[in-house]
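The numbering of the sequence shown is the UniProt record's numbering, which starts it at 1 and goes up by one.
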Amino acid sequence: MIVTKHLLEQFLSLGEICEKTMITELSKIGLEVENFKKLRVPDGVVVGYVIEKVAHPDADKLSVCQVDIGEKVLQIVCGASNVQSDQFVAVAVQGAVLQTPKGELNIAPTTLRGVQSYGMLCSSAELGFPKINEGIMVLDESIGHLELGRALNTYKIFDNFVLEIGLTPNRGDCLSVLGIARDLSVAMGLTLSIKNYKDENVPLGIGRVLQVINEGRLNSSLLYKVAHIASITSNLMIKLSLELCGIASSTALQDFLNFSMHNTGVILRAYSFSYFKKSNLSNNVEGQILLKQDENHLDSVYGKEKVSIVGISLTNHEISQEMVVLEASYISPKVICEALYEHPTLPKDTFITYKTTRGSNPDLNLGMQYLCHHLIDFSHSEVYASKHRITQSDDQITIRTTFDQIIEILGVDISKEEIAIILKKLGFRIEASFDECFFMATPPEYRHDIQSAQDIAEEVLRVYGIDKLPAKPLYMTEQSRKDNHHYFAFKAKMDLMKKAMAQGFYETLHYVFYERRKLIEMGIGVIHEELDILNPITQELNTLRTSLFPAMLDSIKRNENFGFKEIAFCEYGICYGSEREEIEKIAFCVNANRKEERFPFAKGEKWDFYSFAQAVCSILGEFELVEFKGEMWGVSEKILHPYQKAQVLRKGKSVGFLAKINPEYGERFVCEVQLDPFIKLDHLLHQSSSKYQASLRDLTVMIQSSVKFSEIKEKILSCEIPYLCSLYPLDLYHHESFQSQVALSIRFVWQSFEKTLQEEEINTQMHRVLQILENDFEAKLRQ
Numbered sequence: 001m002i003v004t005k006h007l008l009e010q011f012l013s014l015g016e017i018c019e020k021t022m023i024t025e026l027s028k029i030g031l032e033v034e035n036f037k038k039l040r041v042p043d044g045v046v047v048g049y050v051i052e053k054v055a056h057p058d059a060d061k062l063s064v065c066q067v068d069i070g071e072k073v074l075q076i077v078c079g080a081s082n083v084q085s086d087q088f089v090a091v092a093v094q095g096a097v098l099q100t101p102k103g104e105l106n107i108a109p110t111t112l113r114g115v116q117s118y119g120m121l122c123s124s125a126e127l128g129f130p131k132i133n134e135g136i137m138v139l140d141e142s143i144g145h146l147e148l149g150r151a152l153n154t155y156k157i158f159d160n161f162v163l164e165i166g167l168t169p170n171r172g173d174c175l176s177v178l179g180i181a182r183d184l185s186v187a188m189g190l191t192l193s194i195k196n197y198k199d200e201n202v203p204l205g206i207g208r209v210l211q212v213i214n215e216g217r218l219n220s221s222l223l224y225k226v227a228h229i230a231s232i233t234s235n236l237m238i239k240l241s242l243e244l245c246g247i248a249s250s251t252a253l254q255d256f257l258n259f260s261m262h263n264t265g266v267i268l269r270a271y272s273f274s275y276f277k278k279s280n281l282s283n284n285v286e287g288q289i290l291l292k293q294d295e296n297h298l299d300s301v302y303g304k305e306k307v308s309i310v311g312i313s314l315t316n317h318e319i320s321q322e323m324v325v326l327e328a329s330y331i332s333p334k335v336i337c338e339a340l341y342e343h344p345t346l347p348k349d350t351f352i353t354y355k356t357t358r359g360s361n362p363d364l365n366l367g368m369q370y371l372c373h374h375l376i377d378f379s380h381s382e383v384y385a386s387k388h389r390i391t392q393s394d395d396q397i398t399i400r401t402t403f404d405q406i407i408e409i410l411g412v413d414i415s416k417e418e419i420a421i422i423l424k425k426l427g428f429r430i431e432a433s434f435d436e437c438f439f440m441a442t443p444p445e446y447r448h449d450i451q452s453a454q455d456i457a458e459e460v461l462r463v464y465g466i467d468k469l470p471a472k473p474l475y476m477t478e479q480s481r482k483d484n485h486h487y488f489a490f491k492a493k494m495d496l497m498k499k500a501m502a503q504g505f506y507e508t509l510h511y512v513f514y515e516r517r518k519l520i521e522m523g524i525g526v527i528h529e530e531l532d533i534l535n536p537i538t539q540e541l542n543t544l545r546t547s548l549f550p551a552m553l554d555s556i557k558r559n560e561n562f563g564f565k566e567i568a569f570c571e572y573g574i575c576y577g578s579e580r581e582e583i584e585k586i587a588f589c590v591n592a593n594r595k596e597e598r599f600p601f602a603k604g605e606k607w608d609f610y611s612f613a614q615a616v617c618s619i620l621g622e623f624e625l626v627e628f629k630g631e632m633w634g635v636s637e638k639i640l641h642p643y644q645k646a647q648v649l650r651k652g653k654s655v656g657f658l659a660k661i662n663p664e665y666g667e668r669f670v671c672e673v674q675l676d677p678f679i680k681l682d683h684l685l686h687q688s689s690s691k692y693q694a695s696l697r698d699l700t701v702m703i704q705s706s707v708k709f710s711e712i713k714e715k716i717l718s719c720e721i722p723y724l725c726s727l728y729p730l731d732l733y734h735h736e737s738f739q740s741q742v743a744l745s746i747r748f749v750w751q752s753f754e755k756t757l758q759e760e761e762i763n764t765q766m767h768r769v770l771q772i773l774e775n776d777f778e779a780k781l782r783q
């Protein structure tokens with residue numbers, strides 16, 4: 001946000017206040033001054049009047065001017081194409097020193113092509129100000145009463161400074177000169193003064209020429225006036241102010257609109273009256289505006305067709321500078337942010353949406369009066385009496401809190417009276433209870449960001465001064481480490497990361513935000529729209545992540561583009577469920593190459609499903625893999641390989657998945673699981689082991705290929721067969737002669753805590769296992 005001294009003085013009397021003091025006070029209240037520039041026309045530059053202009057006798061592009069500077073008339077040779085007689089101009093007289101774009105220039109009498117010249121007619125750039133036009137700068141009374149011979153630096157606009165202020169997105173109320181002046185008046189104890197602006201100069205009412213109707217409920221408030229503009233040009237005050245603030249436009253009417261918006265913060269627009277002309281209207285009215293919501297449920301303005309979306313876009317059309325409709329509007333920034341989020345391809349006017357998404361000034365009367373006042377004073381315009389207004393009565397937020405709560409948040413003892421005075425200066429309405437135990441604070445309409453007692457405390461602190469808070473040492477208490485679960489949880493996470501690095505993984509760290517569109521395209525669940533971010537940093541980071549691995553896949557692709565061949569990443573962090581609940585996860589992600597081409601692996605080594613699962617198991621510890629069905633853990637089958645994917649079970653409970661990524665997204669393997677089940681905070685308990693030898697027995701059976709090994713394992717273990725410690729698949733073989741069956745080899749581990757098992761005992765139990773397989777799964781011993 002850029003403001004100047006002369007614009008601030010519309011609302012404040014700055015007098016001789018030191019610029020350094022002002023910068024310090026602004027920074028203290030959270031309006032950090034990022035850049036400061038002093039602008040002052042050099043001494044020796046005065047107001048002059050061109051009495052006569054004649055062509056130079058010996059040069060086609062030079063003119064000889066007679067310029068009155070009050071005490072005398074100077075002859076000045078000028079090369080500007082726009083110099084004319086009867087103009088007020090800036091004259092640098094003998095002895096003046098100018099800092100021009102080409103360097104320092106000392107003004108002295110000189111001879112140009114045989115003609116004496118005793119001064120210089122100056123452009124704005126030659127005086128150290130932005131360039132506003134080709135040729136010299138023509139003065140007008142928008143800067144003040146013009147007196148011949150008066151030093152130009154005695155006019156406010158030419159003895160100036162420019163402040164560039166950094167604003168956080170929640171301070172939309174300060175996106176105007178008035179907003180900055182409001183806060184500055186509180187910080188420096190100055191009186192804020194807003195003039196009464198005239199907004200009409202003809203008795204004919206707007207109802208004679210225009211009617212406004214609305215269909216259904218709207219989210220916006222709007223105000224309309226009609227003006228007949230015979231001629232309009234941007235005066236010096238407006239042109240120079242807009243150039244200093246970096247918001248100049250290409251047309252005079254738009255300059256007036258931008259100037260008024262920049263000063264008041266109210267969103268203003270102008271439409272050609274011809275867009276609303278209709279025949280056969282009641283009472284011989286010439287035009288009609290229809291306000292209703294469009295197909296996207298956005299407040300829109302209609303004439304012969306849709307003209308604009310309130311607070312978002314304006315249909316491109318030329319504005320006739322004869323009869324125009326002037327519009328002031330306000331719509332909640334929340335509504336605008338949601339609309340832009342839901343309709344990202346919607347055409348928008350970024351100059352307008354930058355203001356409306358942060359919160360514009362809802363005082364529509366002020367903005368319209370300010371605009372009409374300048375049109376009446378500085379153009380040949382007739383502004384019709386009265387106005388049409390559509391107002392939405394949104395309930396203002398009232399925050400119930402106590403003075404003690406504010407004091408507790410700040411950590412300093414401030415009197416109740418001082419808190420109340422600060423809030424009233426900031427425009428809050430305060431209603432305290434009889435015993436002053438609590439109070440109700442209603443923020444001003446332009447403070448869209450005040451929602452809670454913490455926000456109120458922050459406002460008090462801004463004005464009270466953070467430097468007044470006493471320094472307090474950090475309060476620390478001695479605590480037994482064995483009770484510090486947070487420390488042990490952190491240590492367990494670090495241990496997992498160390499194990500991952502030992503396996504060749506690199507730890508990554510990504511934003512907790514991601515792009516919602518990408519997640520949907522990959523088939524990954526997202527947060528419910530009503531719970532998602534309303535005002536994201538960028539469209540690429542417009543939602544909270546629900547999974548770790550999408551960003552890791554992006555990083556793998558980026559590193560492959562850098563020339564890296566074998567990439568293995570791991571990361572743990574917070575993700576969010578569809579209800580925005582926090583879930584801490586850990587993820588592993590690799591590309592196709594496990595090892596580069598190097599002896600003894602001449603062709604390198606590739607990852608496969610089982611080697612990746614083994615690597616993850618080495619880090620996390622023991623887990624089981626079972627069939628992945630449909631959509632699980634917010635991940636659909638779209639992003640995963642159709643045949644290489646599995647659920648991860650920890651102690652019989654599903655905690656995540658391990659899979660190969662769909663080849664459309666490249667050769668990748670990924671595993672993502674909940675972190676808590678793999679963090680070991682309990683003390684390890686000793687498990688007794690047998691001192692007797694374990695025996696291994698293998699069994700190969702013919703079984704239907706549709707039978708899952710997990711079902712076989714569960715059934716056999718549930719029978720509690722004596723001496724059976726564990727079983728696991730050893731081999732799987734299929735031949736076309738087997739038809740729908742496969743040959744499954746299973747290894748059984750037998751061991752007793754009491755004795756060495758005899759062959760007969762083992763065979764008896766193996767026979768029992770075979771009976772279970774035959775009875776429950778129709779398996780047959782392979783011959």
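Yeah, the Cβ is synthetic: ideal placement off N, Cα and C, and Gly gets one too.
| Asked | Found |
| --- | --- |
| Please state whether the Cβ-Cβ distance between Y572 and L658 is less than 9 Å. | no |
| If you draw a straight line from the alpha carbon of V616 to that of N593, how long is it in whole angstroms? | 16 Å |
| In chain order, what residues of the same chain have a beta carbon less than 7 Å from the beta carbon of P333, not counting five sequence neighbours either side? | G172, T356, T357, R358, G359 and H448 |
| Rounded to a whole number of angstroms, what is the C-alpha to C-alpha distance between S393 and Y155? | 43 Å |
| What does the alpha-carbon distance come out to for the pair G119 and Q94? | 6 Å |
| Mind checking P443: buried by the 16 CB within 10 Å criterion, or exposed? | buried |
| Which partner residues does V47 have in the DSSP bridge list? | A90 |
| Comparing alpha-carbon positions, which option in L625, D363 and K20 lies nearest R650? | L625 |
| How close, in whole Å, do the beta carbons of H262 and V177 come, if the pair is a contact with beta carbons under 8 Å? | 6 Å |
| Excluding the five sequence neighbours on either side, which residues of its own chain have a C-beta within less than 6 Å of the C-beta of I309, listed in chain order? | L298 and S300 |
| Between the C-alpha atoms of V655 and R545, what's the straight-line distance to the nearest angstrom? | 18 Å |
| Classify A230 as buried or exposed, calling it buried when 16 or more other Cβ atoms lie within 10 Å of its own Cβ. | exposed |
| Throw me the rounded Cβ distance for the V47 and G149 pair, which I believe falls under 8 Å. | 7 Å |
| Please name the residue in L244, Q99, Q647 and I180 whose C-alpha comes closest to that of F623. | Q647 |
| Which one or two residues does DSSP pair with I165 in a beta bridge? | V33 |
| Beta carbon of L375, beta carbon of A181: below 9 Å? | no |
| Tell me, please, which residues DSSP counts as bridged to C589. | F569 and V670 |
| Under a Cβ-count criterion, where at least 16 other Cβ atoms within 10 Å of its own Cβ denotes burial, should A441 be classed as buried or exposed? | buried |
| Could you pull the DSSP bridge partners for D159 from this structure? | R40 |
| On the premise that L253 lies in contact with I232, defined as a C-beta separation below 8 Å, what is that separation, rounded to the nearest angstrom? | 6 Å |
| Here's a check: name, in chain order, each residue in its chain whose Cβ is nearer than 7 Å to the Cβ of P347, leaving out the five neighbours to either side. | S313 |
| Taking the beta strand (DSSP E) that S221 falls in, what are its first and last residues? | S220 to S231 |
| Name the DSSP bridge partner or partners of K306? | Y302 |
| Residue ranges of each beta strand (DSSP E) run of no fewer than 3 residues wholly in the region 93-167, ordered along the chain? | 97-100, 103-106, 110-112, 115-117 and 159-166 |
| If you drop the 5 nearest sequence neighbours on each side, which residues of the same chain put their C-beta closer than 7 Å to that of S185? | L12, T191 and L192 |
| Taking the beta carbon of D199 as the centre, do at least 16 other beta carbons fall within 10 Å, making it buried, or is it exposed? | buried |
| Give me whichever residues DSSP pairs with residue 809 in a beta bridge. | For residue 809 there is no data in the structure shown, the boundaries of the chain being 1 and 783. |
| Since Y576 and I567 are thought to touch, with beta carbons under 8 Å apart, how far apart are those beta carbons, to the nearest angstrom? | At roughly 26 Å, the Cβ-Cβ gap does not stay under 8 Å, so Y576 and I567 are not in contact. |
| Can you name the start and end residues of the beta strand (DSSP E) that N214 belongs to? | L210 to N214 |
| Give the range of the beta strand (DSSP E) segment to which H388 is assigned. | H388 to I390 |
| Is the beta carbon of R580 less than 9 Å from the beta carbon of I520? | no |
| Leaving aside the five residues before and after H373 along the sequence, list all residues of the same chain whose C-beta is less than 8 Å from its C-beta, in chain order. | Y197, K198 and D199 |
| Expressed to the nearest angstrom, what Euclidean distance is found between the alpha-carbon atoms of T315 and K306? | 8 Å |
| To which residues of the same chain is D776 closer than 8 Å at the C-beta, ignoring the five residues directly before and after it? | K715 |
| Go ahead and pull the three-state DSSP assignment for Y464. | helix |
| Apply the 10 Å Cβ neighbour rule to M22 and answer buried if 16 or more other Cβ atoms are within range, or exposed otherwise. | buried |
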